[in-house]
Amino acid sequence: MHEAFTLTTPALLFSAVSLILLAYTNRFIA
């Protein structure tokens, strides 16, 4: 359980950060 958690958390954080960066860049360009 802990192994899956430690593997899933960084993936969720990375996806959230990438989405935020995408939204920020889109708003900055537009």
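Each residue of the sequence shown is one higher than the one before, starting from 1118 at the first, in the working numbering.
For glycine and all other residues, C-beta sits at the position ideal for the given N, C-alpha and C.
Being a predicted model, the structure only gives us computed values, none of them experimental.
Distance between Leu1136 and Ile1146, taken at the CA atoms: about 15 Å. When only Cα atoms are considered, His1119 and Ala1140 end up about 32 Å apart. The C-alpha of Asn1143 is placed about 31 Å away from the C-alpha of Thr1123. Inter-residue distance for Thr1126 and Ala1133 is about 11 Å (C-alpha atoms, whole angstroms).
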